[in-house]
Amino acid sequence: MNPAPAGLPPVLFALGSSAPFGAGVAAGLGLALAEHEEREFEDGEHKARTLVPVQGRAAYVIHSLHGDAFQSANDKLCRMLFFIASLKDAGAASVTAVAPYLAYARKDRRTKPFDPVITRYVAAMFEAAGTDTVLTVDVHNIAAYENAFSCRTGNIEAAPLFAAHLAPLLDGPVTVVAPDAGAAKRAGQFRQLLALAGIDAGSALAEKYRSGGVLTGSLLVGELEGRTALIFDDLIASGETLLRTAHACREKGATRVIAAATHGAFSAGAAAALADAAIDSICVTDSVAPGRLAGSAAEGKVSVLPCAQLFADAIRSLHDGADADSEF
16 MNPAPAGLPP
26 VLFALGSSAP
36 FGAGVAAGLG
46 LALAEHEERE
56 FEDGEHKART
66 LVPVQGRAAY
76 VIHSLHGDAF
86 QSANDKLCRM
96 LFFIASLKDA
106 GAASVTAVAP
116 YLAYARKDRR
126 TKPFDPVITR
136 YVAAMFEAAG
146 TDTVLTVDVH
156 NIAAYENAFS
166 CRTGNIEAAP
176 LFAAHLAPLL
186 DGPVTVVAPD
196 AGAAKRAGQF
206 RQLLALAGID
216 AGSALAEKYR
226 SGGVLTGSLL
236 VGELEGRTAL
246 IFDDLIASGE
256 TLLRTAHACR
266 EKGATRVIAA
276 ATHGAFSAGA
286 AAALADAAID
296 SICVTDSVAP
306 GRLAGSAAEG
316 KVSVLPCAQL
326 FADAIRSLHD
336 GADADSEF
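Numbering (the working numbering), first residue to last: 16 to 343.
Written out as structure tokens, the structure is:
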């Protein structure tokens with residue numbers, strides 16, 4: 016990516032349902048979202064185009080690539096790719112894909128013979144469209160993410176948001192629980208942030224194996240008796256992993272169970288799982304648009320932390336020429 020021309024601010028676009036999030040990012044930068052047009056055609060095809068000149072400008076396209084009631088993850092991904100390509104055709108000096116939730120980031124390795132590695136295929140599509148940088152928050156596997164993309168990548172960490180929010184709510188002994196081995200490093204880093212806030216938290220690790228959509232494993236290692244269990248992960252989808260871990264913590268004597276995860280994807284079945292009495296409260300960011308649990312018994316348990324300012328700060332760093340191949 017070439018440095019942005021001196022004196023020219025970045026141009027920010029937010030597609031479709033990501034407009035409210037994009038407005039928050041723009042406000043954090045002291046800018047307004049750039050105007051664009053999105054059109055739907057009778058046969059299901061679509062197009063999007065900028066309504067402002069982008070020649071020689073650094074453009075940022077914001078779209079959270081999670082499925083919702085209106086568009087699937089595939090729909091959103093396709094629209095984002097087409098729009099990025101159109102900006103490059105219009106002469107943009109660089110285009111950064113800003114995806115608070117990056118679709119297919121969990122399918123980053125083969126777990127069965129002939130499995131697809133879809134993270135890598137998605138990376139190839141972004142690069143083919145002319146993407147210069149991809150920016151996301153708490154990607155599922157940072158090493159797989161960086162290795163999949165040949166273009167520059169940036170990964171924002173939301174853990175400081177959670178530490179600032181949760182530290183004042185924690186009293187008595189606390190144990191940070193990783194719900195599986197893959198979350199152990201993330202949970203350990205979160206413990207360090209809590210320590211900076213004066214909370215000396217213990218650690219615990221739950222056993223989990225998944226095959227064919229079936230979860231197994233029941234071992235939980237760590238001290239939970241009489242303690243608050245803080246289950247820390249990157250994503251809550253069906254809630255099954257979280258619920259299994261919460262029950263294991265209760266069985267080990269935890270007096271309170273708090274869950275924190277960056278992406279509240281809340282897929283089918285999540286409302287019932289998260290309403291279970293084993294879970295006291297849940298904290299997520301708005302990387303996935305809030306409201307997916309609306310009207311359910313679990314809705315009142317969930318706190319949503321805005322993360323648009325994290326993206327605004329990262330975009331400012333990128334635009335000023337900071338190294339994107341790092342965690343923000």
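Don't be surprised by glycine CBs; every beta carbon is placed ideally from N, CA and C.
What number of angstroms, rounded off, separates the C-alpha of residue i from the C-alpha of residue j?
{"i": "residue 191", "j": "residue 310", "result": "30 Å"}
{"i": "residue 71", "j": "residue 107", "result": "5 Å"}
{"i": "residue 217", "j": "residue 54", "result": "53 Å"}
{"i": "residue 200", "j": "residue 52", "result": "42 Å"}
{"i": "residue 59", "j": "residue 114", "result": "24 Å"}
{"i": "residue 161", "j": "residue 155", "result": "11 Å"}
{"i": "residue 236", "j": "residue 263", "result": "10 Å"}
{"i": "residue 144", "j": "residue 240", "result": "53 Å"}
Across which residues does DSSP place residue i in a beta bridge pair?
{"i": "residue 28", "result": "76"}
{"i": "residue 55", "result": "61"}
{"i": "residue 247", "result": "275"}
{"i": "residue 297", "result": "274, 317"}
{"i": "residue 207", "result": "Per DSSP, none; premise fails for residue 207."}
{"i": "residue 193", "result": "220"}
{"i": "residue 308", "result": "Beta-bridge pairing links residue 308 to no other residue."}
{"i": "residue 110", "result": "74"}
What is the DSSP secondary structure of residue i, reduced to helix, strand or coil?
{"i": "residue 90", "result": "helix"}
{"i": "residue 146", "result": "coil"}
{"i": "residue 162", "result": "helix"}
{"i": "residue 121", "result": "coil"}
{"i": "residue 84", "result": "coil"}
{"i": "residue 126", "result": "coil"}
{"i": "residue 67", "result": "coil"}
{"i": "residue 105", "result": "coil"}
{"i": "residue 13", "result": "This structure does not reach residue 13, given that the chain is present from 16 up to 343, and the question cannot be answered."}
Are there 16 or more other CB atoms within 10 angstroms of the CB of residue i, so buried, or fewer, so exposed?
{"i": "residue 91", "result": "buried"}
{"i": "residue 67", "result": "exposed"}
{"i": "residue 116", "result": "buried"}
{"i": "residue 165", "result": "exposed"}
{"i": "residue 85", "result": "exposed"}
{"i": "residue 56", "result": "exposed"}
{"i": "residue 123", "result": "buried"}
{"i": "residue 40", "result": "buried"}
{"i": "residue 330", "result": "buried"}
Any Cβ of chain D within less than 7 Å of the Cβ of residue i?
{"i": "residue 118", "result": "Given the protein chain composition of this structure (a single chain), no chain D is represented."}
According to the Cβ coordinates, are residue i and residue j closer than 7 Å?
{"i": "residue 112", "j": "residue 300", "result": "no"}
{"i": "residue 293", "j": "residue 261", "result": "yes"}
{"i": "residue 296", "j": "residue 273", "result": "yes"}
{"i": "residue 314", "j": "residue 288", "result": "no"}
{"i": "residue 280", "j": "residue 247", "result": "no"}
{"i": "residue 78", "j": "residue 95", "result": "yes"}
{"i": "residue 26", "j": "residue 74", "result": "yes"}
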